[in-house]
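S.K.: One structure is given below, represented as structure tokens, and several questions about it will come after.
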Amino acid sequence: MKETANNKDYALLSYHHIPGVHNLEIFERAGGYQTMKECFKKDPEAIKEEVKQSGLRGRGGAGFATGVKWGFFTKDRKAQKYLLCNADESEPGTFKDRFLVEKNPHILIEGMIISAWALATQKGYIYIRGEFYQQAMILEKAIAEAYAKGYLGKNIQGSGFDFDLYVHRGAGAYICGEETGMISSLEGKPGKPKLKPPFPAIKGYRGLPTMVNNVESLAAVPWIMKFGAAAYKQWGTEKSPGTKLFSISGDVNRPGVIEVPLSTTLKDIIEIHCGGMRNGNKLKAVIPGGSSAPIFNAEDSYAVKMDYEDVAARGSMLGSGAIIVLDETRNMGDVLKWTLEFYHHESCGQCTPCREGTGWMEKLFKRRERGTAKKSDIDILDRTASSMRGQTICALADAAAMPTQGMIKVFREELEQYVTTSTRK
Amino acid sequence: MNDKLTNEKFEFSAENMKTYKDLLTRYDDVQSALLPVLHLAQEQNGWLPDHVVEYISNLMKIPSIKIKEVIAFYDMFYDVPVGRNIVHVCTNITCSMFGGREIYQGLLKHFDTGYLTPTRDGRISLQKMECLGACELAPCMRVNNDFVGNVDLTTAIHKLEELP
Ligand SMILES: Cc1cc2nc3c(=O)[nH]c(=O)nc-3n(C[C@H](O)[C@H](O)[C@H](O)COP(=O)(O)O)c2cc1C
Ligand code: SF4
Ligand code: FES
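Right under this line is the structure:
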């Protein structure tokens, strides 16, 4: 039997089919918070080890192993430190964290309490993008319910451990999704990234050790602790274990969020989980991991397995798991133009290669609007993108350069034609 | 216009003052509460003119210039007057595929206004935004705090004309 989306046995959306599961009482009746209670009887180090063994990789975009990152965190349980959940979800094409939080805020809260106990963080913040107002309210309400039950606050479950959790709303800036930009923002400043090292795990919010994890990473922790690392590895591959949420949008019949084992083929995702292509049109290209990910042509799209290594081997990245599907009617020039405008708008301006590079790329690509573009502009675009990489405080410059160079590699002719077609009337 | 408004008075309502005090307890320093405090002030006042900034500056003991820097950095804090209803129109990749940009331009034309400029009746400000994190609803907008998806220009206009 073919697996279908939102499988009840999977790690993240296993409660999603239960009506009203955003209420603590219903979540708990379905088995929620049981794992948290068990975890308070466990050695925190054993919890960290289990998460490490599971091979869970950070779901915010970079795919760094969560357990390994936790291993860099100070073991001094008394030292003041923070747990920061990244719910900024601003990578274009991504909406999975919103979906998770809307229907089941408690799975995230349970995951955060377990993680806080393992890491001995006394305070946690869920940094949620300003646009997710209703979702922030859902989290506020769920947190209040958890406080009322004594799952948050002082001496949780008689463990002697205190943990306070708060929602912190952003105010509309993509760059606050980058962990150090997020920390600046939480500190009440413009969300400008800071140079790494030091990494936040060593020196983060207010100069103190801060563990930053994505919503989906933290929400996977209760399942891993309930069923064990070995069970989690039944899905996916050696290097990409577990299940993953994908946000699919664009030219498919049923856009939305699905949970599938890593390494599911993109073909199955499009044809089975998303009901195939809209209007029966032919597939032309797919952006497989958010706007920063280099685009795939149809052939690669139909061949790729959605795990970290296969997507990388084909020259792109799994990123946040945002899949944008484009059919034969789409012009790649438009897609690149929209992408370039976005990065230029969102560059925080601290680094010259990023500020100037994103601006220049956008301007160059829009010369057609004045009728002054040449075919060779595409080469200049390629060189400009190339010169931006690895030169800056944060990875936004790379995130702008990669899809640009990727697009040129796959659709050069179409771009050349696009820029030389004047739009001037 | 700005000059006239700087003479106006602002202070948190009694209820918001309570919320303000509660917000401070959530953080280990005062400045960390700045974003939530600005959200609160903007909810009460609609936008964040100089006299509101001064008030917050005195209240939190943060220099006004630092607060203005923050307001300027974030797209959802307004240092210009805005309409009673804020409408975000997404013009990022997926929404643009389904006409998001044409909808934005069409709305500007219909309401005879520009980016963030309030309509003459003060009812609406339109703001073009990057991906709103709801691409499955493309083309999508946010009307005040709610997502409205799968719109076209006609349904968008209809929806906005209903706003108070
Ligand atoms: C420009 C930029 C934007 C990012 N946006 C997000 C985001 O919206 N959400 C997120 O979880 N991580 C985002 N990240 C990654 C974070 O910096 C960080 O690696 C992540 O939150 C760590 O959590 P994880 O290990 O669970 O993935 C972004 C990174 C960059 C460079
Ligand atoms: S790379 Fe760009 S976004 Fe990142 S810190 Fe530098 S200027 Fe800011
Ligand atoms: S592209 Fe419009 S909501 Fe994501």
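Residue numbers (my numbering), protein chains in the order written: chain A, 1 to 425; chain B, 426 to 589.
Beta carbons: idealized from backbone N, C-alpha and C, even for Gly.
#1: Kindly examine ligand 3 and report whether one of its heavy atoms sits closer than 7 Å to the Cβ of Thr-329/A.
#2: Using the Cα positions of Leu-585/B and Phe-435/B, report the straight-line distance between them to the nearest angstrom.
#3: Are the C-beta atoms of Gln-530/B and some chain A residue less than 8 Å apart?
#4: In terms of residues, what are the limits of the alpha helix (DSSP H) holding Asn-483/B?
#5: State the Cα-Cα distance for the pair Lys-52/A and Tyr-503/B, rounded to the nearest angstrom.
#6: For the beta strand (DSSP E) that Thr-421/A lies in, which residues bound it at each end?
#7: Given this structure, state the Cα-to-Cα distance separating Phe-498/B from Pro-190/A, to the nearest angstrom.
#8: Please report how far the alpha carbon of Lys-244/A lies from the alpha carbon of Gly-508/B, in whole angstroms.
#9: With a 10 Å radius around its C-beta and 16 neighbouring C-beta atoms as the bar for buried, classify Ala-148/A as buried or exposed.
#10: Any beta-carbon of chain B closer than 8 Å to the one on Ala-399/A?
#11: Please state the DSSP three-state secondary structure of Ser-550/B.
#12: Roughly how many angstroms lie between the CA atoms of Cys-39/A and Ile-114/A, to the nearest whole one?
#13: Counting C-beta neighbours from all protein chains within 10 Å, is the total for Leu-195/A 16 or more, i.e. buried, or is it exposed?
#14: Show which residues of chain A have a CB atom less than 9 Å away from the CB atom of His-464/B.
#15: Can you tell me whether DSSP reads Thr-4/A as helix, strand or coil?
#16: Checking contacts by CB at 8 Å: is Met-291/A closer than that to chain B?
#17: What are the boundary residues of the alpha helix (DSSP H) that includes Ile-378/A?
#18: For ligand 2, which residues have a Cβ under 6 Å from at least one heavy atom, in chain order?
#19: Just to confirm, are Ala-581/B and Ile-518/B a CB contact at a threshold of 8 Å?
#20: I need the straight-line Cα distance from Ile-511/B to Phe-227/A, nearest angstrom please.
#21: Considering only their Cβ atoms, is the gap separating Tyr-308/A from Ser-386/A smaller than 8 Å?
#22: With distances taken Cα to Cα, identify the nearest neighbour of Pro-506/B among Ser-438/B, His-513/B, Leu-541/B and Asn-570/B.
#23: Specify, as a first and last residue, the run of the beta strand (DSSP E) that Ile-258/A falls within.
#24: Quick check for students: name the residue ranges of the alpha helix (DSSP H) that lie wholly in the segment 45-133 of chain A, counting only runs of 4 or more.
#25: CB of Met-212/A to nearest heavy atom of ligand 1: below 7 Å?
#26: Let me see if you follow: with CB-CB separation under 8 Å, is Met-501/B close to chain A or not?
#27: Taking only beta-carbon positions, decide if Gln-417/A is within less than 8 Å of chain B.
#28: Verify the CB distance criterion: does Ile-518/B have a CB-CB separation below 8 Å to chain A?
#29: When you check each C-beta in the segment 180-202 of chain A against every C-beta of chain B, which residues fall closer than 9 Å?
#30: Reducing DSSP to helix, strand and coil, say where Asp-428/B ends up.
#31: In terms of DSSP beta bridges, what is Ser-249/A paired with?
#32: Quick one: using the 10 Å Cβ neighbour count with 16 as the cut-off for buried, is Lys-534/B buried or exposed?
#33: Tell whether a beta-carbon distance below 8 Å holds between Cys-556/B and Pro-44/A.
#34: Closer than 7 Å to a non-hydrogen atom of ligand 3 - does that hold for the CB of Ala-116/A?
#35: Using a Cβ cut-off of 8 Å (strictly closer), state whether Tyr-133/A contacts chain B.
#36: How close, in whole Å, do the beta carbons of Lys-375/A and Thr-420/A come, if the pair is a contact with beta carbons under 8 Å?
M.R.: To lay it out plainly:
#1: no
#2: 29 Å
#3: no
#4: 475-485
#5: A direct Cα-Cα distance of roughly 44 Å separates Lys-52/A from Tyr-503/B.
#6: Looking at the DSSP string, Thr-421/A is not in any beta strand (DSSP E), and its letter there is neither H nor E.
#7: Between the C-alpha atoms of Phe-498/B and Pro-190/A there is a straight-line separation of about 6 Å.
#8: Their backbone Cα atoms lie some 41 Å apart in a straight line.
#9: exposed
#10: no
#11: Three-state result, Ser-550/B: strand.
#12: 7 Å
#13: exposed
#14: Near His-464/B (Cβ distances below 9 Å), the residues of chain A are Gly-130, Arg-169 and Ala-171.
#15: Caution applies to Thr-4/A, whose pLDDT of 41 falls short of 50 and renders its modelled position unreliable; the model cannot decide the point.
#16: Going by the sequence as given, residue 291/A is Ser instead of Met. Under the Cβ distance rule, Ser-291/A counts among the residues neighbouring chain B, one pair being separated by less than 8 Å.
#17: 377-388
#18: Ile-175/A, Pro-193/A, Ser-347/A, Cys-348/A, Gly-349/A, Gln-350/A, Cys-351/A, Cys-354/A, Arg-355/A, Thr-392/A, Ile-393/A, Cys-394/A, Leu-396/A and Ala-397/A
#19: no
#20: 46 Å
#21: No; because the gap between Cβ atoms is not below 8 Å, this pair is not in contact.
#22: Leu-541/B
#23: 256-261
#24: 66-71, 96-103 and 105-119
#25: Per the sequence shown, the amino acid found at residue 212/A is Val instead of Met. True, at least one ligand heavy atom lies under 7 Å from that Cβ.
#26: yes
#27: no
#28: yes
#29: Residues of the segment 180-202 of chain A with a C-beta atom less than 9 Å from some C-beta of chain B are Ser-185, Leu-186, Glu-187, Gly-188, Lys-189, Pro-190, Gly-191 and Lys-192, listed in chain order.
#30: Legend: pLDDT at Asp-428/B = 45, less than 50; position of this residue unreliable, value from coordinates given subsequently. Here Asp-428/B sits in helix by DSSP.
#31: According to DSSP, Ser-249/A bridges with Ile-324/A.
#32: exposed
#33: No, the Cβ-Cβ distance between Cys-556/B and Pro-44/A is not below 8 Å.
#34: No, Cβ of Ala-116/A sits at least 7 Å from all heavy atoms of ligand 3.
#35: yes
#36: 6 Å
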